[in-house]
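Residue numbers (the numbering used here): 18 to 793.
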Amino acid sequence: MFKAFFPRKKLLSVLVCFLFLFFVFLPATHSAPVESVISDSTTAAGPIRRHQPHEYVRPRVSRPNGDHDPIRENSNEKALNKLLNSQFNKALLQTQQNDIQDTGPHTMDMAKLPLGAGAKIKSAIHVDQIAAPTITPATMAVVEKPEAHGARQNPLIDGGLVSKGSSLKLVAGDLIIAGPVEEVTLDFNAKEYPVHARLLRMYGKTFEDKSLDYKCEKYFAELYSLDPDWSVSPHKQVYDEDQLAQMVHRARHLTTYGHCYLNHSDENRIRSYEKLIETGHQDIESRVFPYLSRKMPVFVRWTGEQVLDPPQISRYLDGALNDPDLSQISKSKLQVTDESGPALSHEYPFFLHYKNLVNGKGVVISCSDRFLNDTLALIRNLRALGTKLPVQIVHRGDLSLDSQWALVNEARKTDIYYPREQFDQLKQLVHEEFDATFPKLELWFVDVSRALTPQYASEFPNFYNKLLAYLFNSFDDIVLLDCDVVLFRKPEQLFQLSQYKRSQSVFFKDRSLNLKVNHGFIDFLKRLLPTATDNSFFGINRASYKTLGTRYFVLEYGHYMESGVVAIKRTRYWQGLFVTLYLSLIKPIHENVWGDKELFWLGQSVAGNEEYMFNDYWSAAIGTLTDPDRRAPFKSQELCSTHPGHLSSDDDRLLWINSGILTCRRTETFENDFDVYNATLGFETKQQLHEYYKSPLKIEHAIIPPDAMYWVDSFDTPREPRQGYIKQYNCAAYLWCAYDKIGGSEFPEHQGKVFRFEASDTLLFDYVGQVYLGQT
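Dropping the structure here:
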């Protein structure tokens with residue numbers, strides 16, 4: 018009978034028409050678009066995918082306002098509808114079972130809605146009273162999953178958009194929010210900025226217009242509420258995507274704290290800090306700096322005088338004190354006797370207090386027993402140049418009394434070895450860099466062990482010790498030195514460079530090499546940099562082309578800064594010091610940055626301060642040009658050296674070199690080099706090569722090669738070098754050969770620069786090198 022009334026073809030036609038009408042009209046009645054305020058599973062660049070450990074997350078790039086992703090929005094809408102139809106229909110069913118009728122407005126207690134602990138209203142849309150048998154997205158408040166933000170005592174009210182005292186009303190079967198509801202549209206990714214998103218939900222767009230002290234107080238109060246266990250803690254273990262996100266959040270908390278409470282001693286800002294303390298957040302500073310104890314380091318003068326605050330250094334200069342003779346003191350006076358001094362009260366930011374105490378100019382060196390000989394040589398170097406700056410040697414309890422006493426003797430003794438012949442020649446020439454007086458150094462030791470919390474005392478091995486010296490010295494203007502550098506101009510002259518005069522900082526570039534870092538690591542760094550959101554909320558300068566336009570970010574070349582010498586006025590760059598320290602404590606940095614090389618400028622950029630400046634020149638190869646008789650007739654000139662050197666872009670004068678002064682500091686490699694690499698360098702025996710390796714570097718020339726972004730193949734015979742630097746494998750692979758021309762090309766961009774030093778300068782270099790080595 019069914020077949021008689023509905024033949025098969027007609028039946029199919031009816032079904033097709035029914036399905037067509039169903040899919041055409043159903044969205045209009047049941048899928049009215051809801052404004053997606055926050056996407057918890059996407060970025061403007063697309064969905065977040067799950068990564069394996071050690072894999073980085075691509076940057077979440079903000080799209081311009083109004084640039085939507087329709088595919089992702091449709092996906093969000095489906096998920097939203099599913100959530101609405103499950104959670105709110107359950108809520109409605111429960112209220113109906115409680116004898117609430119559909120014939121008029123009725124109020125429901127929001128705290129009793131069965132949405133799960135921690136569920137929060139995300140957005141809301143007001144609608145007119147309509148008759149509808151079911152709840153549709155057009156009439157609903159949007160809720161978030163409770164696990165996204167943790168449980169709350171009164172989740173809907175505390176969630177943000179619905180203020181206390183508002184109610185949900187059941188009108189003709191529809192759940193309506195009664196009372197005024199502010200609609201907030203976020204133009205940033207809430208997963209990247211969870212606290213910022215929460216604040217906008219709670220206070221609306223007017224929050225951005227509040228005073229900075231008010232916003233700072235509310236930010237950290239809400240952070241405690243959002244994540245009761247928050248901390249800017251190190252992460253040196255294997256990580257996944259979620260842990261990478263946590264590192265980004267921690268960096269953001271740190272930069273926000275620095276901008277709020279480390280910049281100024283403003284009365285309102287301090288009052289904002291006090292309010293946090295009064296409301297039970299006394300541990301805020303220990304959460305921001307869990308590795309620091311809020312205790313001052315111990316400053317010990319060469320005489321044995323000890324202070325627990327940064328000394329007023331001007332009191333000790335120019336013979337202001339009647340200092341004892343070296344023979345009148347003993348090394349026992351250097352023993353730290355007061356290790357239990359009080360920590361500063363929690364009512365005032367400790368590192369703002371510290372910032373207010375730093376003063377004067379000085380040289381800072383990190384040292385342990387392991388590097389004693391290098392540091393002794395550096396002390397001789399400083400005295401040979403005649404520096405008048407005070408010197409502080411920073412350690413964390415790993416510099417013994419014997420080592421300290423040896424350094425005191427080197428800094429204060431009068432019987433100093435120097436090469437007499439060069440001394441007399443320089444004195445006669447009246448060379449401007451020559452000082453015949455060997456002034457005694459105003460030497461201090463800074464023991465930072467009490468400034469570190471016990472559980473993190475071992476978190477700063479090797480070169481990361483230098484970052485403790487970067488923070489825990491007493492000077493404002495500092496010249497921070499690696500203990501294996503050799504200076505050829507007084508350190509105080511760094512403060513006279515054009516870059517320092519303009520920016521109160523000068524950093525130096527590494528060799529121009531095209532060795533690349535992991536692409537995902539650059540993406541991770543981009544996530545750390547401040548954005549327009551940081552700027553609109555707290556006035557933190559967003560990252561600009563100065564950072565994002567560097568070859569480090571654009572070409573992903575992993576060698577940008579050489580950090581053996583850093584000159585900086587710390588109070589101008591104070592916030593970035595702490596970001597640099599934090600970066601040294603996370604594994605992505607350890608895996609992709611050689612030591613502390615890039616952390617000084619990156620720390621400042623992440624903190625929102627891009628005012629620092631670099632010397633214009635890339636590192637040069639320093640030494641003597643290869644004898645043309647030992648090479649084929651190349652167009653290029655060659656200089657092979659284990660020493661990167663740094664020439665001032667102001668006047669082409671040599672400032673300093675890395676890796677000591679020996680021709681090859683890995684002298685034990687001479688036999689292998691002679692036999693395997695045939696690196697005889699014209700010497701007939703291994704012993705001659707050994708003696709050459711142990712001799713001071715002869716400095717007559719320097720080459721800064723063409724930029725590493727250029728690579729030119731030559732088809733001539735002999736074939737010209739195709740890049741500016743070529744790595745060699747003798748001297749334990751520390752040797753690099755530099756060329757002033759690549760591929761035989763005559764194009765300007767393929768040309769480097771050869772520097773030929775004056776004979777008087779070469780004489781000074783030899784003299785300084787001999788004093789540096791000392792009497793052997």
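Each residue gets a CB set at the ideal place from its N, CA and C atoms; glycine is no exception. As the structure is a computational prediction, the values presented were derived from the model and not from experiment.
Unbroken beta strand (DSSP E) run spanning D464, endpoints: L460 to D464
Local Cβ density within 10 Å of F489, reported as buried at 16 or more and exposed below that: buried
For E628 and D326, the rounded distance between their alpha carbons: 29 Å
Alpha carbon of A423 to alpha carbon of L416, nearest angstrom: 11 Å
Candidates L642, R400 and R506: closest to I433 by CA position: R400
Rounded separation between H536 and W728 - CA only: 21 Å
Buried or exposed (CB count within 10 angstroms, at least 16 for buried), F388: buried
Coarse secondary structure for M264, derived from DSSP in three states: helix
Chain-order list of residues whose beta-carbon lies under 6 Å from that of S289 (same chain, five-residue window excluded): D230, C233 and E234
Given S622 as reference, the closest of H576, H281, T597 and D633 once Cα atoms are compared: T597
For P605, the three-state DSSP class (helix, strand or coil): helix
Inter-residue Cα distance where the pair is R506 and L402: 7 Å
Secondary structure, beta strand (DSSP E): runs of 3+ residues fully inside the region 407-478: 408-412 and 460-464
Neighbourhood of R773 by C-beta, 8 Å cutoff - its chain only, sequence neighbours within 5 removed: E717 and H718
Opposing strand residues paired with R739 [DSSP bridges]: DSSP, once it has assigned bridges, lists no residue as partnering R739.
Residue nearest to N398 in terms of C-alpha spacing, selected from T454, K350, P366 and R413: T454
Three-state class that DSSP yields for K518 in the structure shown: helix
Residue environment, L656, which counts as buried when at least 16 other CB atoms sit within 10 Å: buried
Same chain, Cβ closer than 7 Å to I294, five either side skipped, listed in chain order: H363 and E364
CB of F525 within 7 Å of CB of D613, strictly: no
Endpoints, alpha helix (DSSP H) assigned at P211: P211 to Y220
Start-to-end residues for the alpha helix (DSSP H) that takes in Y231: L229 to L243
Beta-carbon proximity list for F617, same chain, < 7 Å, skipping 5 on both sides: F524, M578, S580, V583 and T597
Q329 - DSSP class collapsed to helix/strand/coil: coil
Among A238, G275, K253 and Q768, the one whose alpha carbon lies nearest that of Q592: G275
DSSP state of Y562 mapped onto helix, strand, coil: helix
Alpha carbon of E685 to alpha carbon of D669, nearest angstrom: 34 Å
S663 (DSSP reduced to helix, strand or coil): A quick correction: the sequence has His, not Ser, at residue 663. In this structure, H663 counts as strand in the three-state DSSP scheme.
Proximal residues to R589 (C-beta, below 6 Å), its chain only, five neighbours per side dropped: Q521
Reduced DSSP category for D494 - H, G, I as helix; E, B as strand; rest coil: strand
Pairwise C-alpha distance: E766 and V7: Here the chain covers residues 18 to 793 and nothing more, so residue 7 does not appear.
Within 7 Å, strictly: CB atoms of P508 and E459: no
Simplified DSSP state of G769, which is helix, strand or coil: coil
As assigned by DSSP and simplified to three states, the class of Q323: strand
Outcome for E615 when other beta-carbon atoms lying within 10 angstroms are tallied against a minimum of 16: buried
Given Y210 as reference, the closest of Y278, L546, E302 and R528 once Cα atoms are compared: L546
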